[in-house]
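Residue numbers (this note's numbering): 1 to 103.
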C-alpha cells in the first residue's frame, strides 16, 4: 500500500505543496462528527484544487479531468492510510475525506 507521501511524490507534486495537503487530511481526520468531516473535507478539497499543481500525464489535454483524478488518487491513499473504522474519532462511520463537487 502506498503512503500519502509516496502518492504525492509519484504525482510530481512539489515539496512545498505536500505539507499543506497532508495537513488538510490530518485536520479532517481529527474531526469529531460526520458533518464536520464533510464541511472540512469540502473546504480542503477547494483549497487543493486551487493549488497550481502539475499535470499527472503529459498526454492529458483535459486539465480538469487530471485534477479530479489527482484528488481522487490522493483521497484514496489518505483513506487507506487511516483506519476507516476510526476516521471520525467519535464514531465508527466510513466517510470519504473529499467528496465530488456538485456540478
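All residues carry an ideal CB built from backbone N, CA and C; glycine is no exception. Bear in mind the structure is a predicted one, so any value in this text is a computation, not a measurement.
Under 9 Å between C-beta atoms of residue i and residue j
i	j	result
residue 13	residue 53	yes
residue 30	residue 18	no
residue 11	residue 28	no
Inter-residue CB distance, residue i and residue j (contact presumed, cutoff 8 Å)
i	j	result
residue 21	residue 48	6 Å
Distance, residue j Cα to residue i Cα
i	j	result
residue 44	residue 8	16 Å
residue 50	residue 26	19 Å
residue 34	residue 42	12 Å
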